[in-house]
Amino acid sequence: MVRATGQRAAAAARGYVEGRYANAGYANVRVCLLIPTHALPPLSYRVPARLRRGVSAGSLVVAPLSGRSRLGVVLGEEPEPDRELEDLYSVAEGLSVPPELLEACRWVGESAAVSLPTVLRAALPPGIDAGRFVVTRPVEGWPWAKGDAVSRAALKRALGPDGLKEAEEEGRVLLSPTIPPRKTVEWAVVRGAAEPDLRRAPRQRQLFEHLKERGGALPAAALLEEAGAGRAVLRELARRGAVRLARRPEPPPLLSTAGGSEKGSFEADASRAVGRGGAFVWRVPTKDEPEAIAAIARAVVGEGDQALILAPEKASVERLARHLRRALPLGHTVAAYHSGLGRDRAAVFEAARRGEVDVIVGTRAAALLPLARPGAFCLLDEHDESHRAEPGYEGIPIHARDVAIARGRAEGAVVICLSPTPSLRLFAAPRRGASGVRELPARPATEWPAVRIVDMRGSGAVLSSTLVDTCRRLVDGGGRAGVVVDRLGYASAVSCNRCGAVRRCPECDLPLALHDRARSLVCSGCGHREARDAPCPECGSDRLSPAGIAVERVREELSSALGRPVGLVTAGRRELEDAAVVVGTARCVLQETWDAVLVPDVDAALHGGGIGAAERSFRLVYRAAESARGVLLIQTRTPEHYVLGAAASDDYESFAAAEAPRLRAAGYPPFAHLATVVLSGPRRTVFGAVESRLRPGLGEGVEVSDPVPVAGTGGPASWKVLLRSRDRRAVARAAGRAARLAAGTRGMEARILVDPEEV
DNA sequence: AGCACGCCGACT
DNA sequence: GTCGGCGTGCTC
């Protein structure tokens, strides 16, 4: 795919926005109805002559299904229908999906085993009201006139279910989806040629002059605020006929750029990548990512194109949007897009689709936001798993990096994934010619702490004297230390003092963790709770010892060793966060920088199990080093581990070189691909479906595991099967079959994750 | 025989 | 997703 130049993309975008795309004039089309199920394939419809001009791939249309109006998206032409087709009812003007984005949506649906309607929904304006009808040919006696907008509920109430269906079939009412209307705000507008005599009304005169200076029109609230006047003054001006008060739609929340032109060292690489196109991975220290993204955005807006930048969380989206506003040249606009935007969300969506905003910063909810002039798709912190929705929750369970790469390919835009520690599934992927992911020159960290690795072999203590001494010296000198412990509670496991048995959950057999200031035992799997002094089921003893280091225990021991209060920061709790020493999870503690960062139990991550353990630990140590101004101290019983050595010396390359062969040997991405399929339902149904329907039809080179039971959380029983193949498309196809199989089997549900982080 | 309920498949 | 058809099984 050749990258569209700015001008070409812009011309195409205008054609698309104004609805004069190369009108296909299809006689028959395939339509994906927006019913979120795997069970319903795309259906074919005839395009009545009056709609031919407005229907092309990506059009949002209204089509009948069993006599009822449904929304759907045109996928393309149906060249040879093998049956008598129904007519499309109508086309929803101005709500279509750009055809290149439609292409990317189809890829996303297929490769993540997500139903196409679900994917398309994310590429359409949020909150489309699909329950609104317009009365086109009223019948005598109806309470509505031609042109009235009526809700489905009101029509059903008045006409009855059959009456409504009949009215739809006869074309008397027409489903007309709309985007939620914009809230209106009051504007004050100078009346043309108004020359009011305001000599004896100084306050009115001052307000009137101010309004004229500001271009003659302003939202009333902003005008009164700026001019320091009261409502009464404005009302009086309106009464005199000097200004007109009118309600206008509230503008979308676009930030105008402030004209920062400070150019750093990222400019040359960024504009070269934007000029060449393709997909890139760029290793950049965390603190420099915003500046690198600003350089990319400057290059993109300089071409007259739009950039879509995806960040893992709402907070980082907002931060980055503010940064870009300051860092881009004057005359451009920036907007944030995420699920917390409420009514503004549809307005930003529309501004992006129409090309009225140059840079959009969003969470994964923005991954399929249509752009009129797509120039770049860019990912902040590519390694972050928040870029993927949890399966079964809102959003599409595919990593935003994969969506961005598919979009870049389909829409002819550059894709740049930034992270100091990119995922190996991206970084270690074979660089195959022009379609592969290339690397931009990596930037080493400019500051790196002194790293001390403390060997804990032969010690039963939680904290070494080295750690405590380092901490004490630092605090005495007025410094601050952050202590990273990625386990909540007091201890991650406990064992019986008499017989040594590890206490396990009676429901799901996981080790019980000690919580609530060491008072109760909690199962992290199902939430089961019991008192810590309950007798041991093995020997009856009520005495136990904590095992496994968790935040509260480190906080307590450090506090007593130092003889001073220690703070705590986790996602759910913040206490004494200004203390000189603060313990907490990596996500919270490493948000800020510290004179020293201490990692008392890196082994929990290093040997925590799962194929991703090495990658997670490398990232943990690397991020800890980035947050440490002076010292990084790590306690471990495996001080010679290659992950520690590589991370401590800012050597991602050698980590990747050592880790990639392990992934290859174990058959993990990017060298092989997997999908987890969790099937829930009666045991016989699930096993029957796997053995007699899923296993027999697997493609070449796809393996499927036997179902293994999944610890239930109250719902129906579940089993997990694993699909694996060298070929990514083969796994995706098999996962898609599993999804359709489950959709067509009553009583069985499937949750599917293609290339999950962990199996 | 007549009816209620639930499963299955069609719907373009 | 939604509806209707039809089978099973129960009641008058």
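In terms of the numbering used here, the first sequence opens at residue 369 and continues consecutively. Ideal Cβ positions, reconstructed from N, Cα and C, are used throughout, including at glycine. Bear in mind that the values here come from a model prediction, so they are computed numbers and not experimental data.
For Asp963, the uninterrupted beta strand (DSSP E) segment begins and ends at Trp962 to Val967. Under the three-state reduction of DSSP, His578 is assigned to helix. Counting C-beta pairs closer than 8 Å gives three or more between the stretch 449–467 and the stretch 417–434, which meets the contact rule. In this structure the stretch 695–712 does not lie against the stretch 603–612, because fewer than three pairs of beta carbons, one per stretch, are closer than 8 Å.
Using a Cβ distance threshold of 8 Å, Cys907 and Cys956 do not count as a contacting pair. The residues Val1072 and Ala1102, in chain order, have a CB closer than 7 Å to that of Leu1066 in the same chain once the five nearest residues on each side in sequence are set aside. With contacts defined by Cβ atoms closer than 8 Å, Ala1085 and Arg1051 form a contacting pair.
Leu1042 and Ser479 have their alpha carbons spaced roughly 11 Å apart. Under the three-state reduction of DSSP output, Ala1079 falls in the coil class, being neither helix nor strand. A contact is defined here as three or more CB-CB pairs under 8 Å, and the stretch 744–761 fails this definition with respect to the stretch 468–478.
When rounded, the separation of the alpha-carbon atoms in Gly645 and Val783 is 8 Å.
DSSP places Cys904 outside any alpha helix (DSSP H), giving it a letter other than H or E. For a cut-off of 8 Å, the C-beta gap from Ala665 to His706 is around 18 Å, too long to register as a contact. When the beta-carbon positions are compared, Tyr1020 and Thr731 stay at least 8 Å from each other. Secondary structure note for Gly1056: its alpha helix (DSSP H) is the uninterrupted segment Arg1051 to Ala1057.
Between Leu623 and Gln674, the gap from beta carbon to beta carbon reaches 8 Å or more. Looking only at Glu758, Leu1001 and Glu994, the smallest Cα-Cα distance to Val482 is reached by Glu758. If you look at Thr838, you'll find it in the alpha helix (DSSP H) that goes Ser833 to Asp844. Less than 8 Å separates the beta-carbon of Gly495 from that of Ile547.
Thr1044 and Leu1090 do touch by the CB rule: their CB atoms are close to 6 Å apart, below 8 Å. Within the DSSP bridge table, the entry for Ser1086 names Ser1048 and Val1078 as partners. Around the CB of Arg438, 16 or more other CB atoms lie within 10 Å, so the residue is classed as buried. Per the coordinates, the alpha-carbon of Ala417 lies some 43 Å from the alpha-carbon of Trp555. For Pro1007, same chain residues with a beta-carbon under 7 Å away, outside a window of 5 residues either side, are Ile821 and Asp823 in chain order.
Counting C-beta pairs with one atom in each stretch, the stretch 856–873 and the stretch 885–894 have three or more that are closer than 8 Å, which means they touch. Its chain contains Pro1084, Ser1086 and Glu1117 as the residues whose beta carbon lies nearer than 6 Å to that of Ser1048, once the 5 sequence neighbours on both sides are disregarded; these appear in chain order.
The way I'd put it, the stretch 400–419 doesn't touch the stretch 517–526; fewer than three beta-carbon pairs between them come closer than 8 Å. When DSSP states are grouped into helix, strand and coil, Ala861 belongs to the strand group. In terms of Cα proximity to Gly828, the closest of Val819, Ile766, Ile917 and Phe576 is Ile917.
Straight-line spacing of the CA atoms in Glu452 and Pro410 works out to 16 Å. The stretch 947–965 and the stretch 994–1003 touch, with three or more beta-carbon pairs separated by less than 8 Å. For Pro432, the enclosing beta strand (DSSP E) starts and ends at Leu428 to Leu433. C-alpha of Arg769 to C-alpha of Glu750: approximately 7 Å in a straight line. In the DSSP assignment, Ala675 is bridged to Val727 and Ala744. When the beta-carbon positions are compared, Leu1001 and Leu842 stay at least 8 Å from each other. A residue is called buried when at least 16 other Cβ atoms come within 10 angstroms of its Cβ; Val397 meets this threshold and is buried.
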